[in-house]
Amino acid sequence: MTGTTTMAQALNAALRDALAGDERVVVFGEDVGPLGGVFRITDGLTAEFGDDRCFDTPLAEAGIVGFAVGMAMGGFRPVVELQFDAFAYPAFEQIASHVAKMRNRTRGRVELPMVIRIPYAGGIGGVEHHCDSSEAYYAHTPGLKVVTPATVDDAYSLLREAIDDPDPVVFLEPKKLYWAKAQVTLPARTEPFGRAAVRRPGGDATLVAYGPTVPVAMEAAEAAAEEGWDLEVVDLRTIVPFDDETVTASVRKTGRCVIVGEAAGFAGVGAEIAARVQERCFHSLHAPVLRVTGFDIPYPPPMLEHHHLPNVDRILDALDRLQRDDRPDTRFLPLGGAA
Amino acid sequence: MTERHHDGGPEALLPSAQPVRFLTDTGAAVRSRPRYPLPDSETLRQAYRAMVVGRRFDAQATALTKQGRLAVYPSSHGQEACQVGAVLALEDGDWLFPTYRESVALVTRGIEPTEVLALLRGDAHCGYDPNRHHVAPQCTPLATQTVHAAGLAYAERRKGSGRITLACVGDGATSEGDFHEALNFAAVFKAPVIFLVQNNQYAISVPLDRQTAAPSLAHKGVGYGVRSERVDGNDPVAVLAVLSAAAEHARSGQGPFLVEALTYRLESHTNADDATRYRTDAEAEEWRRRDPIARLEAYLRRRGHLGDDDVTEAAAAAEEYAARLRTRMNADPELDPLGLFDHVYDVPTPQLGEQRESLRSELEAEEALT
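Chains as they are written, first to last, in the UniProt record's numbering: chain W, 1 to 339; chain R, 1 to 370.
Next comes the structure, spelled out in structure tokens:
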């Protein structure tokens, strides 16, 4: 299939092709059956493959994930949907204590090839508990792979790879990108897990982004070009496994790095990336590694979320603090005084 | 889903008014005949021997904690009828989902006792191969494995394998959300799974009346459409009879079955606990009178299915089992620190490779110093 495709359609195609290609694949969760999911990602799958392959479950997230653990032990490859990021928390014990650990605690004898799909992050005007950026919880849990696509062809390819992967994958689907369109030919196969993509080459500074902030970083790079910045944009694609090599190579080249993520900055994935960049690129850095993130607040009401989410202006402001003129960042001087 | 989940009204799902019993406290046959078939005498003889060996194993494991050979051990002393019954009611291909208190069930299943005790010794999280024995890793978080048992049972149903699963939980775990989600999923998807609740009256120190206001733990099944039963958990004949019927129910496509077995944890929660702080000796004495091994021995002797030779032989086998366990547990386990990085993922990430190298250098430096 070639033409203009949304990310939602690409994800749907990935599930369809996976169901058609492997009878062990089963899709289940809340409203994923005849309705096709609240975001319609499973649209038409029950009709095409039957209620045995794509089915609704009781409304209980721990049950959904735990049931998938059992089915995976029994030889199936479950792909479950947890309806919203902030509704996934009842399943957290199952994910942290069992999904992530089963391979390790059985010394490799029991593996859980399963995918937990979660509509993720903000930007859609969702009311409370519909827009958390929860990636750090999963990324902090060894044993999980954590994936978030930013482009339409990656959405297809990464989801197919997630389903084929022998390890459990938390697959975070940026809600605001569901309706993003691109010209693609499916089935598409992009780079494998663990490889970040340089979405835009540049020499002056590196913007590191993942999932929903990749388009924001791209837009900021366009705007910055008008101010004379030649920015490189790195799309992580998989938070775990993390591609140190690509990020390190980019920052060693540019000497400056800004990480862009929607989640609260404190103890987040951006903090981990900043630490890794500093450890590996210290002698190449011309400026502190900066983060543009959401504030350290509970996710705001929809009419205020645009104040919270990273945007082009905030990224441009961060660029101003990258000491291109060898001026230190005044924000962090004692008493806030200028140098 | 249009399947009918059960025939008849809710009454058909409810447990018996009194826990099912075949034996009196002293091992005589009860007068009113239970509605479950009597297990055959060969299975009961097997159960007797397994309980004797299991109890000796349990005592040896507790002794090993005192010698510092086990980090901790949760005893199932007094619960042998449930431990052994759960295993004998299953066929080889069926799956068992145990908790940390099911060590006796696991050795009854034929798993090497040193492999069973790896978790509690602390050299591995699971010392045996779950796929080989069809026994999931012993689960420490409460009730979480019940949902896995439902999912695996459903997988077996989908494959048409005829296999079933049995998940063990205690009374405390029936308060956990996962237990309820497991009952619900199992019922909705007609998963062939048995939930065996060993109600040993205490969740560490918290007594049953603080755990629930339900008429019984078995009554929790009816709200989910799950056939439920209560059984005297210290009556090995009744436990085997009810669990065998539950297995038949599940295997024949009628869906899940919940069994509450009333029993008593004669020891503390673990060797690190002190039961005298929350219960009386008199209470424990009451339960000692209903000892499952003594009851079954009395019953089988009366029926002529067990003689002095059998009793002597079982006791000798138990001593031999314990002696072999002692010897093997007195040897330090072989540990491979670099193995810590194995099996986190199918293929280690580059970062894990780096961390493995760093530990390897540390170990080599230590080695050079000694």
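We treat Cβ as the ideally placed atom computed from N, Cα and C, and that holds for glycine.
Do residue i and residue j have their CB atoms nearer than 8 Å?
| i | j | result |
| --- | --- | --- |
| Arg301(R) | Asp25(R) | no |
| Pro256(R) | Ala298(R) | no |
| His172(W) | Tyr120(W) | Looking at the sequence shown, residue 172(W) is not His but Leu. Yes, the Cβ-Cβ distance between Leu172(W) and Tyr120(W) is below 8 Å. |
| residue 373(R) | Ala218(R) | Not covered by the structure: residue 373(R). The range shown for chain R is 1 to 370. |
| Gln198(R) | Gly221(R) | no |
| Val233(W) | Arg280(W) | no |
| residue 372(R) | Gly225(R) | In this structure chain R extends from 1 to 370, so residue 372(R) is not present and cannot be described. |
| Ala149(R) | Thr165(R) | yes |
| Val169(W) | Ala10(W) | no |
| Thr99(R) | Gly170(R) | yes |
| Asp94(R) | His133(R) | no |
| Ala318(R) | Val116(R) | no |
| Val27(W) | Arg53(W) | yes |
| Gly78(R) | Leu262(R) | no |
| Asp129(R) | Ile204(R) | no |
| Pro19(R) | Val239(R) | no |
| Ser157(W) | Arg117(W) | no |
Keeping to the same chain, check which residues put their C-beta closer than 8 Å to that of residue i; ignore five residues upstream and five downstream.
| i | result |
| --- | --- |
| Asn12(W) | Arg40, Ile41, Thr42, Asp43, Gly44, Leu45 |
| Lys101(W) | Gly143 |
| Gly353(R) | Phe341 |
In this structure, how does DSSP classify residue i when only helix, strand and coil are distinguished?
| i | result |
| --- | --- |
| Glu102(R) | coil |
| Ile116(W) | strand |
| Cys54(W) | strand |
| Tyr299(W) | coil |
| Phe22(R) | coil |
| Thr2(R) | Its pLDDT being 43, under 50, Thr2(R) is placed unreliably in this model, and the coordinates cannot settle the point. |
| Phe49(W) | helix |
| Gly151(R) | helix |
| Ala339(W) | Low per-residue confidence applies at Ala339(W): pLDDT is 42, beneath 50, and the placement is therefore not dependable enough to give any value. |
| Ala263(W) | strand |
| Cys281(W) | helix |
| Ile239(W) | strand |
| Trp229(W) | coil |
| Gln60(R) | helix |
| Glu173(W) | strand |
| Ala241(R) | helix |
| Phe39(W) | coil |
| Glu23(W) | coil |
| Asp204(W) | coil |
Using a Cβ-Cβ cut-off of 6 Å (strictly less than) and excluding sequence neighbours within five positions of residue i, which residues of its own chain qualify?
| i | result |
| --- | --- |
| Val240(W) | Ala139, Lys145, Val146 |
| residue 371(R) | The question about residue 371(R) has no answer here: the residues shown for chain R are numbered 1 through 370. |
| Ile124(W) | Lys175, Lys176 |
| Ala124(R) | Ala118 |
| Ser361(R) | none |
| Glu176(R) | Leu142, Ala143 |
| Gly337(W) | Low local confidence applies: a pLDDT of 47 at Gly337(W) is under 50, so the model's placement there is unreliable, with the coordinate-based value given in what follows. Excluding residues within five positions, none has a Cβ falling inside 6 Å. |
| Gly270(W) | Ile259, Gly261, Arg291, Thr293 |
| Phe55(W) | Phe28, Gly33 |
Apart from the five residues just before and just after residue i, which ones in its own chain have a Cβ nearer than 7 Å to its Cβ?
| i | result |
| --- | --- |
| Thr108(R) | Ala50, Gly54, Gln83, Val84, Val87 |
| Val25(W) | Ala18, Leu19, Arg77, Val79, Ile163 |
| Ala71(R) | Leu120, Arg121, Gly122 |
| Asp235(W) | Ala150, Ala196, Ala197, Arg199, Ala209, Tyr210, Val214 |
| Ala250(R) | Ile164, Pro192, Val193, Ile194, Pro256, Phe257 |
| Leu296(W) | The residue asked about is misnamed: residue 296(W) is Asp in this sequence, not Leu. Only Ala264, Gly265, Phe266 meet the Cβ criterion. |
| Leu359(R) | Pro337, Leu338 |
| Tyr178(W) | Thr6, Met7, Ala8, Phe39 |
| Thr43(R) | Leu88, Leu240 |
| Pro333(R) | Arg121, Asp123 |
For residue i, is the beta carbon positioned less than 7 Å from some heavy atom of the ligand ATP?
| i | result |
| --- | --- |
| Phe195(R) | Within the structure as shown, the ligand ATP is missing, as the structure has no ligands at all. |
Could you say if the segment 129 to 143 of chain W and the segment 259 to 276 of chain W meet the contact criterion of at least three C-beta pairs nearer than 8 Å?
yes
Count the CB pairs spanning the segment 55 to 65 of chain R and the segment 310 to 327 of chain R that are closer than 8 Å, and state whether there are at least three.
yes
What residues in the segment 104 to 125 of chain W have a beta carbon less than 8 Å from any beta carbon of chain C?
Absence of chain C from the displayed structure is noted, the protein chains being W and R.
Return the chain-ordered ranges of every alpha helix (DSSP H) run that is complete within the segment 308 to 347 of chain R and spans a minimum of 4 residues.
308 to 329
In chain order, which alpha helix (DSSP H) runs of at least 4 residues are fully inside the segment 85 to 148 of chain W?
102 to 105, 135 to 139
Can we say the segment 132 to 152 of chain R touches the segment 61 to 74 of chain W, given the rule of at least three CB pairs closer than 8 Å?
yes
At a cut of 8 Å, does the segment 334 to 344 of chain R reach the segment 97 to 107 of chain W through at least three beta carbon pairs?
yes
Which whole runs of the beta strand (DSSP E) in the segment 143 to 230 of chain R are 3 residues long or more, in chain order?
165 to 170, 193 to 199
With a threshold of 8 Å, are at least 3 pairs of Cβ atoms found where one atom belongs to the segment 311 to 324 of chain W and the other to the segment 272 to 291 of chain W?
yes
Alpha helix (DSSP H) segments (min. 4 residues) lying fully within the segment 107 to 147 of chain R:
113 to 116, 118 to 121, 130 to 133
Please go through the segment 149 to 199 of chain W and give each complete alpha helix (DSSP H) segment of 4 or more residues, from N-terminal end onward.
152 to 164
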